[in-house]
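One structure is given below, encoded as structure tokens.
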Amino acid sequence: MPKHDTPLLDELESGPWPSFVTDIKRQAEQSPECWDILGQLELSFVDKITHWKHGGIVGVFGYGGGIVGRYSDKPKEFPGVAHFHTVRLNQPSSKFYNSAKLRAICDLWEKYGSGMTNMHGSTGDLVLLGTTTANLEPLFYDLTHDLNQDLGGSGSNLRTPACCLGTARCEYSCYDTASLCHHLTMHYQDEIHRPAFPYKFKFKMSGCPNDCVASIARSDFSVIGTWRDDIRINQAEVAKYISGENKPNGGAKTDATAFDMEKDVLALCPTGCMRMKGDELQIDNKNCTRCMHCLNMMPKACRPGLVKGASILCGAKAPILDGAQMATLTIPFIEINPDNDYEEIIEVIESIWDWWMEVGKNRERVGETIQRVGLPTFIKVLGLDPIPQHVKIPRENPYVFWTSEEVPGGFDRDVREFRAKHAQ
Amino acid sequence: MPKHDTPLLDELESGPWPSFVTDIKRQAEQSPECWDILGQLELSFVDKITHWKHGGIVGVFGYGGGIVGRYSDKPKEFPGVAHFHTVRLNQPSSKFYNSAKLRAICDLWEKYGSGMTNMHGSTGDLVLLGTTTANLEPLFYDLTHDLNQDLGGSGSNLRTPACCLGTARCEYSCYDTASLCHHLTMHYQDEIHRPAFPYKFKFKMSGCPNDCVASIARSDFSVIGTWRDDIRINQAEVAKYISGENKPNGGAKTDATAFDMEKDVLALCPTGCMRMKGDELQIDNKNCTRCMHCLNMMPKACRPGLVKGASILCGAKAPILDGAQMATLTIPFIEINPDNDYEEIIEVIESIWDWWMEVGKNRERVGETIQRVGLPTFIKVLGLDPIPQHVKIPRENPYVFWTSEEVPGGFDRDVREFRAKHAQ
Amino acid sequence: MAYNPDKPMEDRITDIGPPHFEQFYPQVIKDNKGKWLYHEMIQPGVMVHVSESGAECYTVRVGAARLISIELIREMCDIADAHADGCMRFTTRNNLEYMLDSKDKVQPLLDDLASRGNKFPVGGTGACISNCVHTQGWIHCHTPATDASGVVKACMDELFDYFTTMTLPAKVKLALACCLNMCGAVHCSDIAILGVHRKPPMIDHDAISGLCELPLAIASCPLGAVKPAKATNAAGEEIKSVQVNADRCMFCGNCYTMCPAMPLADPDGDGIAILVGGKVSNTRSNPTFSKMVIPFLPNTPPRWPETVDAIKNIVEVYAKDANQYERIGEWCERIGWEMFFEKTGIPFTIKSIDDYRLAYDTWRTTTNFKFTSHVK
Amino acid sequence: MAYNPDKPMEDRITDIGPPHFEQFYPQVIKDNKGKWLYHEMIQPGVMVHVSESGAECYTVRVGAARLISIELIREMCDIADAHADGCMRFTTRNNLEYMLDSKDKVQPLLDDLASRGNKFPVGGTGACISNCVHTQGWIHCHTPATDASGVVKACMDELFDYFTTMTLPAKVKLALACCLNMCGAVHCSDIAILGVHRKPPMIDHDAISGLCELPLAIASCPLGAVKPAKATNAAGEEIKSVQVNADRCMFCGNCYTMCPAMPLADPDGDGIAILVGGKVSNTRSNPTFSKMVIPFLPNTPPRWPETVDAIKNIVEVYAKDANQYERIGEWCERIGWEMFFEKTGIPFTIKSIDDYRLAYDTWRTTTNFKFTSHVK
Ligand code: SRM
Ligand code: SRM
Ligand code: SRM
Ligand code: SRM
Ligand code: SF4
Ligand code: SF4
Ligand code: SF4
Ligand code: SF4
Ligand code: SF4
Ligand code: SF4
Ligand code: SF4
Ligand code: SF4
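Protein chains in written order, with my numbering: chain A, 1 to 424; chain B, 1001 to 1424; chain C, 2001 to 2376; chain D, 3001 to 3376.
Structure (structure tokens):
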């Protein structure tokens, strides 16, 4: 039976959307500390303020991440959450599970924690919400021995990589995001568990420019699938879209008006590189930016090309401190090659890290470092050729840096020689 | 006969474009110092560098502007240009002249100067190029007494205002640019002649958004004509454009392909607010941004509305120092009213000046000041309501300033009270 | 064999990483990975992917609160065992997905889910409002300016019909972050709910000495509002501390992140800002950040009516006015932001005018604007 | 009565401003001001404006060097007297315009102009390259990095046919500024020719003491490259002076503007940068700045062949590739800047990547790009 009155929270038990309050109450029958979760949360609802103390550093031996320490600022009133640390379990790529695995995790968490979770955290981890410092080592022991899995990242280290479904269940995917994600996660276990960076660093992989894992907005290193040859068009299916036999946009809009090739596709193609010649759909592929719109509108008729790979974009982050940054296109096209263990990708990652660990300031995301030193420097650091694809537009200001070597005669001049020719 | 050999310059006497070299030589027959202009310029062509010293402060008594001092760094070789000051004559609005006036100016300049001019300077002045310090006062005397006209601006003052043709010879003009330009020039003679500003300040007036005097790019205070009711459409003329009887774009393109209403007009309307209903041209005026395209394409068929006025934009400037700035829309619509001596405009100008003269740093253009203090502050200073028209987009960062008054309870809080509720 | 506190290092296992994903693939996924030809939505929340092999994978998407109990997860497992060979996955928006290898299995699963009250709503596909990405809020974090789960529950209850239907012009991505750290990465959402502080940090001179490295606290402020200062603590000792220039503070909370003795949360100061028009996909238009259209709404638990109404209004106006397949941001760009404010009736405030870095790029430097009621 | 040096203030007249424009209006302008209905180009350089009253004003536009002699002005006056009731005007691009009240007067004027050699080319209207706005250069200024009149003459000779015809996709506005001060306001031109320095200033320790206020010189540098320093002058005295950190200098010349003892002009260092795609009009698209596509071309008097060729190439590719009524900048935006470099064959260099303030906004933050030869 409830330990605290929660009139405000109780109001969140009604309504069609699943109620976390009802759920916590249900869990409380098993894990009494949940009553204190509700109690403290109710207090926050009354006070309109959090009742958690500023995080404390806790963890498991030898790891610098994976646990987020948390203590109540009302431990007496809510002893069940006096300690309420978070445990981040590194999720399987694309978050596939089976019931056996999830049940094992549930049992583990029933034994050592509050029984409450986040499925999943924003970075991608399976988040176990609320345990004590004393429970951390035993939990970790069972986790690694019995469930044989591991913690995810937190702190100034490589954060748990995440990816979209990719080829597993998506026709658009230009590479196997899950395999790359898993490989990098395994390859960089040390970087995930032991902070050695100026600040956090995040990998995210999407199989195509739809970017279903939002990598371009929130990863320091974003790998987005693309192709460099021609979109594969199935003209027979094109005809079926026109005839109305095929549902536009994969039927994603039940009230869509009858498919109108001109209005719904051609006019919305950002480059205007599509046209109908009679009833043949033609795409001027060299002017296509692979924005996905036509593929999205006509999944049966348009497919990515066959020469597949990915674009690498760097430096996305949230606003703290200089304002949010979108990831910047760094390598327009790179092969994704499992056969050589993704050598090309690894190479890029490590040249970025080597440089960033050297020049990055404390708590400076790589995107901020790039902003500070300038994109040209970053491009040089990576040994890339500067190309127009790196920018939306060429510079508008005339403030170009030149080196002494670049200028005939160099920088050193004798002002007196100059004065000899030019009276002051 | 030539005083110096000018083999390099001589090469610029050929070719279809009028040759300033030939012209200077012609003038030299009358004004021998012109030989030294050629001589020194030839030397610059050889040396690939200017031979003018850093400007010196010269002027006429009581004025802080209108003259730009200039001295040769090779006075012995080129005594004729040892002094070579510029005199800026304030041009008549829209640069209309008659032969009597120009001849008088020519005579004046034959008497006191090199005989070379710039018709006109980039700001708009009639520029007399090259005279001596000794000549300045006599020239000014004759200028004011005999030609009864005056100098223009230079230095940290109001610069010579300039305008497009306006209603004088343009069907698009939404107000009489020349009259406003002349009025402000007369009204602010003191500000033009006596530097009292942190830096230069420029007025430019265009009669419509085509902005033929490039005011939005290069004036601190830009007045651009516009209208707020509906575009006047002459359907009969529309039909003639469609039939090909009327030349598209006023015949500005001799090889234009046959007029295509859809392609040449509707599709290029940035707001997509135009459509043909049968053979009637319809404009959804509330979605029109008055970009001028349809008027430009069909001058006979589309005219500005009848409720005319202007937009005021502030702060344009060249790149030095923080990069170029385009003028920012400050007052979307203001009446242009000669009957009350443009009271509304004057009021805006002076509230800008009062503020800028107080907070502007030395050599800080008003646009730079606005950047430094922020657009919101500038809007408040002018007592304007902030409106979405002031921005392209609302802020993307979450960094909002609030004042203690705006927040219930204000900023002052007792941390110990806080701690009583929240254990450290 | 279990953990032995006396021998913590005994046969310790580390760096083994996550379980390999493949073992969790449903058979139909294993067999057809990389062979998918196309997909189609059968009904809201149900879609089929068809493989070159002709095989079909029916996905049923179920909304979840994200903050869920192991009891609920166990129930999810029961359902998986009963209908989906024990397999399931979670989406990047925290929805649950069951994948079935034949159409016949769909209806029984739907019936089962429906039979379990409001725990397993089916939807979140296509032109809908899918699950609201969110963060911790008062349930676990130390810096929130609002709650997460509570606000999200209130919003999703009100927007529920948009979750279970596919009739919006396009996808609408909702996200909440309870402070400016933006863990929800809300900065590129169609509609972002952002917890914001509005009072400068207090300085706890009694605690600061042990707790904070003053130089870090001072350096943490992007606007240099934190300065060194002497102060007297409860014990009456004069100590090295800091002071905050309130006029320069824009309440980002970074100083508190670095220094626990500088709390800024406040019942009246804190609340919610609404940002709109962001997108992540490269589809048609480039990814864009969300723009702040409502700088502040109060924290009004348990159901945050002001926030819910504001969002509902935006969604409804968008649904009525936008072209089909047009995201909210694309709609705003097309009609112009002045029209967004006009049509939604949201009052435009000076707080929506950028005055941070790069601000100049957001000013309107053209005569091209529309006459709305804002222009007097 | 003339100026009396002994009594400089005697009946001094000041602040009378410019002559009133109206007195110079041709009659047809006086009569029809504000009544104009429409205009039409009759032929390149000749247009008619038609008034509500039915009156017509025929304008003949004549190219001019801008740097012109009073002898030439007098000749312009003769022509005005002979054909245009003595009236004329100058355009904002420094062309001369005669306005006639009847069509019959056009041909005689054209014949007269043609009879005077290459002094009075008719053109500069419509879809053409009109006169090149420019500045002083070596003819009068102290800070130029290139000449003005010479470069312009070389370019206009080569582009002359575009001045006398109207067959470009749209107007192409050419401008030259001989240094970064950009007096020509070239920063929003379709094609901008910009004089650029590439060597840091020298410090003339022999002259600096009298000449410069050191604090102003130091403050003048936007990048803080100018620092106080001690130095020894020719007289062997140790003086307060400045030094320049060459690595931080981007050659803007602002320090020289403030301090004559810091010259930076240099025969090999100076030259020309080409910027393209700017526009001022609000027509269709918003006003935009020009973008730097060629960071440097050498000063090669008297005819600057590298510069002339570069411009001609851009114009020709644009003329072939752009849609009609599309300005250069609109064309670049539509095809994408990578395509601009591809089609023009201009090598893309790292100098075209912004690394000044607000630079981030110019980076490509999307996967939307075109595969050109640049992508290996
Ligand atoms: C748990 C989680 C939110 C959630 O409910 O899902 C989270 C929670 C916290 N984040 Fe976060 N972040 C979480 C994903 C993110 C994301 C989204 C992402 O990773 O895709 C972002 C935005 C993307 C990015 O990295 O820029 C994010 C941007 C931040 C920031 C700002 C970093 C920046 O450079 O802008 C901070 C501040 C900091 O690092 O001190 C932060 C800090 C924090 C801290 C540690 C609070 C703090 O100030 O130290 C939070 C601990 C809360 C708690 O007590 O549980 N968190 N954080 C997410 C991690 C779960 C997981 O591992 O899956
Ligand atoms: C004569 C003229 C160029 C021309 O050949 O037409 C000119 C010439 C000079 N300008 Fe200018 N500017 C001239 C129009 C402009 C314009 C265009 C305009 O006014 O529309 C601009 C760009 C618009 C603007 O104001 O931003 C312009 C932006 C500058 C700047 C940069 C100012 C800035 O805030 O960015 C400087 C540097 C300075 O003020 O120290 C400058 C400085 C100069 C100086 C005084 C050189 C100096 O460093 O002190 C030049 C004297 C040259 C000489 O010896 O004759 N000049 N100057 C133009 C004035 C003639 C006239 O009165 O009609
Ligand atoms: C399951 C999931 C990937 C995953 O690994 O979990 C997924 C799956 C699909 N996405 Fe997505 N997207 C998923 C998150 C996203 C995200 C990220 C996010 O929501 O935070 C984005 C970027 C959001 C943005 O742009 O702001 C995203 C942008 C898209 C788009 C681009 C839509 C647009 O027009 O901008 C498409 C194409 C479309 O819908 O036409 C797409 C299309 C699809 C397709 C149709 C791909 C396919 O052929 O299977 C999948 C079903 C679509 C649907 O549910 O309507 N997916 N999709 C994610 C489901 C989240 C959820 O539970 O609601
Ligand atoms: C005479 C002049 C105004 C003056 O007071 O001197 C003028 C006169 C006209 N302009 Fe202009 N413009 C004049 C400089 C400008 C400028 C400023 C400049 O060139 O530095 C601009 C802005 C430049 C820019 O956008 O970068 C300018 C942008 C326009 C436009 C917009 C073109 C566009 O599509 O962007 C139009 C409309 C059109 O041409 O269709 C226009 C239209 C016109 C019309 C047709 C207006 C009319 O109905 O009479 C006039 C004849 C056009 C022609 O010559 O082709 N005028 N026009 C200027 C002639 C300069 C010259 O000698 O070449
Ligand atoms: S990002 Fe592309 S590949 Fe990945 S799930 Fe989304 S649509 Fe499929
Ligand atoms: S992918 Fe995008 S750019 Fe390419 S053809 Fe399709 S719609 Fe056009
Ligand atoms: S700006 Fe407008 S009104 Fe002025 S001349 Fe140009 S087109 Fe005519
Ligand atoms: S003026 Fe511009 S926006 Fe308005 S209708 Fe004409 S083309 Fe469209
Ligand atoms: S957004 Fe802020 S308050 Fe919410 S979880 Fe992240 S850090 Fe904590
Ligand atoms: S909240 Fe942010 S702006 Fe305010 S003092 Fe702290 S760090 Fe500075
Ligand atoms: S652009 Fe520079 S060099 Fe040319 S006139 Fe202006 S200030 Fe002098
Ligand atoms: S030229 Fe410009 S950047 Fe270089 S030192 Fe002088 S002021 Fe600084």
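Note that beta-carbon positions come from the ideal geometry of N, C-alpha and C, so glycine has one too.
- By the beta-carbon neighbour count (other beta carbons within 10 angstroms, threshold 16), B/K1361 is exposed.
- Within its own chain, the residues whose Cβ lies closer than 8 Å to the Cβ of A/G383, once the five positions on either side in sequence are excluded, are S351, listed in chain order.
- Counting the other CB atoms within 10 Å of its CB gives B/P1299 a total of 16 or more, which places it among the buried residues.
- Among the residues of the stretch 2356-2368 of chain C, those with a Cβ less than 8 Å away from any Cβ of chain D are L2358, Y2360, D2361, T2365, T2366, T2367 and N2368, in the order of the chain.
- Any heavy atom of ligand 7 counts here; residues with a Cβ closer than 6 Å to one of them, in chain order, are B/C1164, B/L1165, B/G1166, B/C1170, B/Y1172, B/S1173, B/S1206, B/G1207, B/C1208, B/N1210, B/D1211 and B/C1212.
- Put simply, the stretch 1332-1340 of chain B does not touch the stretch 3185-3205 of chain D. Fewer than three CB pairs are less than 8 Å apart.
- When CB distances to chain B are screened at a threshold of 7 Å, the residues of the stretch 3319-3335 of chain D falling below it are Q3324 and Y3325, in chain order.
- The three-state reading of DSSP puts C/A2322 in coil, since its state is none of H, G, I, E or B.
- For the pair of segments examined, the stretch 3074-3082 of chain D was found not to touch the stretch 3160-3167 of chain D: the number of CB pairs separated by less than 8 Å stays below three.
- The CB of B/P1319 comes closer than 7 Å to the CB of N397 and P398 in chain A, given here in chain order.
- At least one C-beta of chain A is nearer than 9 Å to the C-beta of C/P2263.
- Taking all protein chains shown into account, A/V391 has 16 or more neighbouring C-beta atoms within 10 Å of its C-beta and is therefore buried.
- Judged by beta-carbon spacing, B/H1193 lies beyond the 9 Å limit of D/D3011, meaning their Cβ atoms are not closer than that value.
- In the structure shown, the three-state DSSP call for A/G251 is helix.
- In this structure, C/L2180 has its beta carbon less than 8 Å from a heavy atom of ligand 9.
- For A/L306, the secondary structure class from DSSP, reduced to helix, strand or coil, is coil.
- D/R3093: not part of any beta strand (DSSP E); DSSP gives it neither H nor E.
- Within the stretch 284-300 of chain A, those residues whose Cβ lies closer than 7 Å to any Cβ of chain C are, in chain order, C291, M292, H293, N296, P299 and K300.
- With the criterion set as a beta carbon lying under 8 Å from some beta carbon of chain D, the stretch 11-31 of chain A has no members that meet it.
- Of all residues, those with a beta-carbon under 6 Å from at least one heavy atom of ligand 6 are A/C269, A/P270, A/T271, A/C273, A/M274, A/I283, A/C288, A/T289, A/R290, A/C291, A/M292, A/H293 and A/C294, reported in chain order.
- Interface with chain B (9 Å Cβ-Cβ cutoff): A/I49 is included.
- Each of B/H1183, B/G1244, B/S1044 and B/G1250 was checked against the Cα of D/T3143, and the nearest Cα belongs to B/S1044.
- With a threshold of 8 Å, the Cβ atom of A/N246 does not count as near ligand 3, since no heavy atom of the ligand is closer than that.
- Put simply, the CB of B/Q1325 is near chain C, with a gap under 9 Å to one of its CB atoms.
- With a cutoff of 9 Å on beta-carbon distance, D/D3354 and A/R395 are scored as near each other.
- The beta-carbon of A/F140 is placed less than 9 Å from the nearest beta-carbon of chain C.
- Counting along the chain, B/M1297 sits inside the alpha helix (DSSP H) bounded by residues H1293 to M1297.
- Beta-carbon to beta-carbon, B/W1035 and B/K1003 are separated by about 4 Å, close enough to satisfy the 8 Å threshold.
- In the three-state scheme derived from DSSP, where H, G and I count as helix and E and B as strand, A/W52 is classed as strand.
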